[in-house]
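Before any comments, here is the structure.
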Amino acid sequence: MRKYALPVFLAVVLLSGGASAASAADTGDDYGPDTPSSPSLSGTTVSPSCDANVPWIDYSVVLNDPDGQATSHTARLVLTDGEQSTTIALGEIVDGTLSGRVLWPGASVDENGQGNGWPGWAFENGQWVASPGNFAWTRGDISATVEVNPSLRVALSYPPSTPACLTDPAGVATSGAVAAAGMSLPATGGDGAAVLPLTGLALALVVGGGALLYARRARRARD
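Counting with mature numbering (1 follows the signal peptide of the UniProt record, and there is no 0), you get residues -21 to -1, 1 to 202 for the letters of the sequence shown.
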């Protein structure tokens, strides 16, 4: 009986060891660390606004970083037209969010919070004059990027003047600042519409004059 017990015991030990090794091997093959999620700025918004004749940039920065991979929590906004650029500090992101507003580059306010300076304009000799300086280029075709690391490109353009809120000096034409910045306004039908009535009037005068001349000649022929 004993001579059979020893081989059986050894077989059980060998089988158990092999199963444990196989189990360990399987576990080693299947195991691996989770890949951390990359941070993003999904949900971040940037938009222009006007308040008390002051152009503003409103922002809401959202940092999604579930695995703590972001290397910075300092937010800034970079504007560029491809040739010139400016960087606007927004602040530190706390608990994943940061919101507020900053003056549009070139804008300024007085002690009462009213606008007293606008990009593309300079106050000289007692009057406002269009200028290529004072961030006039930001009134044109620009791109905007929120940078934290990661970064996010957002749509942004200078807010237009309205009867309720001016984004230019009172009593001046926006086209002056645009032209001074070396930009051009979109083509419109305004000039053509103004020419049409003049053309019609000229045609009416020609036809009327011809009819009057014909009537005089006919009267003379009868006489």
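Think of the CB as a built atom: it goes at the ideal place given N, C-alpha and C, for glycine as much as any other residue. All figures in this text were calculated on a predicted structure; none of them were measured in a lab.
Between the alpha carbons of residue i and residue j, how many angstroms are there, rounded?
i: residue 25; j: residue 133; result: 7 Å
i: residue 23; j: residue 38; result: 8 Å
i: residue 78; j: residue 70; result: 9 Å
i: residue 169; j: residue 151; result: Low confidence applies here, because residue 169 scores a pLDDT of 38, under 50, leaving its location unreliable; read the following figure in that light. Using only the alpha carbons, I get a separation of about 18 Å.
i: residue 86; j: residue 55; result: 18 Å
i: residue 42; j: residue 15; result: 15 Å
i: residue 101; j: residue 30; result: 21 Å
i: residue 105; j: residue 83; result: 24 Å
i: residue 34; j: residue 135; result: 12 Å
i: residue 110; j: residue 146; result: 15 Å
Measure how close the beta-carbons of residue i and residue j come, nearest whole angstrom, since I'm counting them as under 8 Å.
i: residue 148; j: residue 107; result: 4 Å
i: residue 76; j: residue 127; result: Residue 76 to residue 127, Cβ: 12 Å. No contact.
i: residue 58; j: residue 64; result: 6 Å
i: residue 20; j: residue 88; result: Residue 20 to residue 88, Cβ: 29 Å. No contact.
i: residue 118; j: residue 99; result: 5 Å
Look up residue i in the DSSP assignment and say whether it is helix, strand or coil.
i: residue 23; result: coil
i: residue 117; result: helix
i: residue 14; result: coil
i: residue 146; result: coil
i: residue 97; result: coil
i: residue -10; result: In this predicted model, residue -10 has a pLDDT of only 48, less than 50, meaning its place in the structure is not dependable enough to derive any value.
From the DSSP output, read off the bridge partner residues of residue i.
i: residue 124; result: 57, 132
i: residue 36; result: 27, 81
i: residue 71; result: 53
i: residue 107; result: 102
i: residue 66; result: 57
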